[in-house]
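Numbering (the numbering used here), first residue to last: 3 to 178.
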Amino acid sequence: MISRTTLKYITPFLLFFLFLIDAHVTRIIAAWTDNIYVANAHLALLVLLIVSRVVNERFLLGTSLVLGTLYDLYYIGVVGIYAVIFPLLVMVFYFFKKTIQQNILTLFFTVVISVTLFELISLLLQSVFGLTGVSSDFFVPRYLGPTLLFNILTFVILIFPLEKILIGPPEEELGI
């Protein structure tokens, strides 16, 4: 388990590393399927969800803004789209944290909702600004479906190890 103070300091570096891993995993999956299906990895989004349970909201909003700007520069070259999406999703995470009991099932549905929102808002904003043109015949079955499937599998495999490493047992169990 990483201490809360240490987690706050390593979160930006961890998210940057996962941003790089996300890009490579996405490219590998696209190449593996001969670009017929595209599964966009969202490991950084999963870690944002987990650390939002213990890290200060203001700090994580700033970190997500910087991460979104990096995504903008790397993926589309226009600053603003992912720089809006990441802080928006962090606000959704904190809203869910305040209103819904946090357990594995609610985290699972939060991942499904956040990945879907991420992809839909991204497509909508890129379409509005004329950066892309995608038909629903491609987007849903060949992009959103594989993306959700990959991220659901990633969640199932990584949620327990990531929770144990990043946030550890609840403070009640530690006697704090």
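Glycine is no exception: its CB is placed at the ideal position from the N, C-alpha and C atoms.
DSSP, read as helix, strand or coil, puts residue 153 in helix. Assignment of residue 84 by DSSP, reduced to helix, strand and coil, places it in the helix class. Of 18, 52, 35, the smallest CA-CA separation from residue 108 is found for 52. Between the beta-carbon of residue 65 and that of residue 81 there is about 16 Å, and that puts the pair past the 8 Å contact cut. Comparing C-alpha distances from residue 28 to each of 45, 12, 164 shows the shortest one belongs to 45. Apart from the 5 residues on each side of it in sequence, residue 39 sits with its Cβ closer than 6 Å to the Cβ of 144, 148 in its chain, given in chain order. According to the DSSP assignment, residue 128 belongs to the alpha helix (DSSP H) that extends over 106-130. Here the alpha carbon of residue 123 sits roughly 7 Å from the alpha carbon of residue 87.
Secondary structure note for residue 28: its alpha helix (DSSP H) is the uninterrupted segment 6-34.
If you draw a 10 Å sphere on the C-beta of residue 74, you find 16 or more other C-beta atoms in it, and that means buried. DSSP, read as helix, strand or coil, puts residue 101 in helix. Counting along the chain, the unbroken alpha helix (DSSP H) around residue 49 starts and ends at 45-53. Comparing alpha-carbon positions, the option among 68, 90, 63 lying closest to residue 119 turns out to be 90. Between the C-alpha atoms of residue 59 and residue 48 there is a straight-line separation of about 16 Å. Shown here for residue 165: same chain residues with a beta carbon closer than 7 Å to its own, the five before and five after excluded, namely 52 in chain order. Residue 18 holds the alpha-carbon nearest to the alpha-carbon of residue 68 among 96, 18, 6. Excluding its 5 nearest sequence neighbours in each direction, residue 54 has C-beta neighbours in its own chain below 7 Å: 62, 92, 95, 96, 99, listed in chain order.
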